[in-house]
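Residues in the sequence shown are numbered from 18 upward in steps of one, following the working numbering.
Ideal placement from N, C-alpha and C gives every residue a C-beta, glycine not left out.
A short worksheet on the structure shown next.
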Amino acid sequence: MFTFALFRTHSRSLNFSSFQVSQIRTAMSRSGFEKSQCAILFPGQGAQYVGMGKDLYSNYPLARQVFEEADDALGSSLTKLVFEGHQKDLTQTQNAQPAILTTSIATLRVLESEYGFDVSSACTYALGHSLGEYTALVATQSLSLRDAVKLVRLRGEAMADTVSQLGVRTAMAALIVREENLDKLETSIDEICSTLPEGESVELANINSSFQAVISGTGQAVDYASRVLQSQHLAARALDLPVSAPFHCRLMQRAANIMKKAMSDIKFKKPIVDVISNVTANPIQSASEIPSLLVQQVTATVQWHKSVRYCKENEINNFILFGPARVLANLLKKDYPLDYVRPFTTVEDIQSHIDYLKIKQTNNTNC
């Protein structure tokens with residue numbers, strides 16, 4: 018569920034090299050966005066912060082409408098918590114999940130309503146990190162916003178309740194790795210897990226990039242695995258993550274069972290563009306398989322690195338990111354420094370990128 022920022026954010030020049038220009042296929046829409054050969058991305062838990070989306074809410078009526086719809090669906094003021102609450106409360110998984118989804122969709126809706134962004138014509142793929150997969154399904158008209166915020170609220174409650182009943186300390190740790198060691202890392206974790214005493218477990222929760230993975234499980238097992246993986250030189254560093262649950266491992270099975278029951282009442286539609294599954298790292302083939310994949314996702318490894326690599330193998334080098342924080346953007350920039358990565362988090366981001374795209378559209382017209 019978590020991505021983790023392990024390097025500084027640097028400003029990115031908006032000037033393309035000739036090589037970058039040759040990489041990007043361009044057919045400009047009326048708002049200046051490239052059609053096709055583009056992927057839209059949505060963040061997962063860990064991106065939340067008090068005040069996120071407030072400038073969008075204040076400046077754009079449709080963003081306000083998204084927050085109001087989420088409040089109505091939940092029967093409480095998520096908006097007040099996001100804008101005026103305490104970080105500790107917002108970070109609770111049952112709050113963070115609907116808050117991040119709502120903020121991300123509000124950002125997307127602003128670009129759709131104010132600048133003519135059209136997911137169906139501008140994008141080839143949509144993908145979201147863990148929780149963000151629900152956001153991607155909303156963005157591609159597979160799932161309604163109302164159903165989505167209720168589902169992710171339940172998802173958070175189920176996860177929190179599952180942890181409270183485990184009766185054991187749990188943990189997650191981020192690992193700094195080399196890409197050539199990823200396969201060995203998976204094998205080594207399986208071997209470590211097979212040697213643990215009964216009641217202890219550790220699993221690979223996320224593969225976030227060529228250089229970052231996350232392990233999850235019981236506290237002692239995660240601590241032990243971190244030491245072993247570093248001694249084997251499969252991980253350069255291991256950093257404990259400040260999380261409330263051991264996400265994406267078998268300890269979350271009870272939460273997965275709760276979500277399976279809830280999914281039976283939800284109607285999914287086939288996404289208008291391909292949504293790449295966290296579980297398979299391939300596009301979802303039909304609406305009927307979405308519930309099963311979302312249930313599996315609760316306990317399965319988030320195959321984010323493979324999902325992005327799928328995009329790359331299909332000639333995607335233009336990524337648009339919607340939602341709070343910039344962790345996913347930073348991961349992409351480090352793995353693919355020649356690609357164009359465009360994060361939309363604030364009104365300032367929107368104005369900055371829109372101005373640039375309009376200039377680019379004018380330049381193309383003059384060519």
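Just how far apart, CA to CA, sit Glu208 and Cys266? 16 Å
Using 8 Å for Cβ pairs, my map puts Gln65 next to Ala113. What's the rounded Cβ distance? 4 Å
Buried versus exposed, by CB contacts within 10 Å (16 or more), Pro115: buried
Are at least three pairs of beta-carbons, each pair with one atom in the stretch 163-179 and one in the stretch 227-240, less than 8 Å apart? no
Whether Val194 touches Leu251 by CB criterion (8 Å): yes
CA-CA distance, Arg47 and Gly133? Here the model assigns Arg47 a pLDDT of 38, short of 50, so the residue's position is not dependable, and the following value carries that caveat. C-alpha separation (whole angstroms): 7 Å.
Residues bridged to Pro300 (per DSSP): Ile293
Given a cut-off of 8 Å on the beta-carbon distance, is the pair Ala139 and Cys55 in contact? yes
DSSP three-state assignment for Glu220, whether helix, strand or coil: strand
Counting pairs of Cβ atoms below 8 Å between the stretch 117-128 and the stretch 336-350, do you hit three or more? yes
In the DSSP output, which residue or residues are listed as bridge partners for Ala123? Ala123 is not bridged to any residue.
Start-to-end residues for the alpha helix (DSSP H) that takes in Asn76: 71-76
Is it buried or exposed, Ala253, if we count other Cβ atoms within 10 angstroms and call 16 or more buried? exposed
Per-residue DSSP class, three states only, for Thr96: helix
Beta-carbon proximity of Ala298 to Lys277, cut-off 8 Å: no
Mind checking who Asp257 pairs with in its DSSP beta bridge? Ala190
Can you check the stretch 322-360 for any beta strand (DSSP E) of at least 3 residues that lies completely inside it and give the ranges in chain order? 335-339
Who pairs with Tyr142 in a beta bridge, going by DSSP? Ala56, Asp291
Gln229 - partner residues in DSSP beta bridges: Ile193
Residue burial classification, His103 (beta-carbon count within 10 angstroms, cutoff 16): exposed
Beta-carbon gap between Val358 and Lys350 smaller than 8 Å: yes
For Glu203 and Ala123, the rounded distance between their alpha carbons: 37 Å
DSSP three-state call for Val315: helix, strand or coil? helix
Along the chain, where does the alpha helix (DSSP H) that runs through Asp240 open and close? 236-248
Please report the distance separating the alpha-carbon of Gln249 from that of Leu192. 13 Å
When burial is assigned at 16 or more other CB atoms within 10 Å of the CB, is Lys105 buried or exposed? exposed
Give the range of the alpha helix (DSSP H) segment to which Leu14 is assigned. Because residue 14 is not part of the residues shown, which for the chain are 18 to 384, the question remains open.
Just to confirm, are Pro263 and His146 a CB contact at a threshold of 8 Å? no
Where Leu91 and Ser211 are concerned, what is the direct C-alpha to C-alpha distance, given to the nearest angstrom? 42 Å
Report the rounded CA-to-CA distance for Val245 versus Lys286, giving the unit in angstroms. 45 Å
Taking only the alpha-carbon atoms, compute the straight-line gap between Leu268 and Leu154 and give it to the nearest angstrom. 26 Å
Among Leu310, Gly216, Leu221, Glu196, which residue has its Cα nearest to the Cα of Asn274? Leu310
Can you say whether Gly216 is buried or exposed, counting buried as having 16 or more other CB atoms within 10 angstroms of its CB? exposed
Suppose you measure from the CA of Leu256 to the CA of Val239; what does that come to, to the nearest Å? 11 Å
Helix, strand or coil for Ala87, going by three-state DSSP, please let me know. helix
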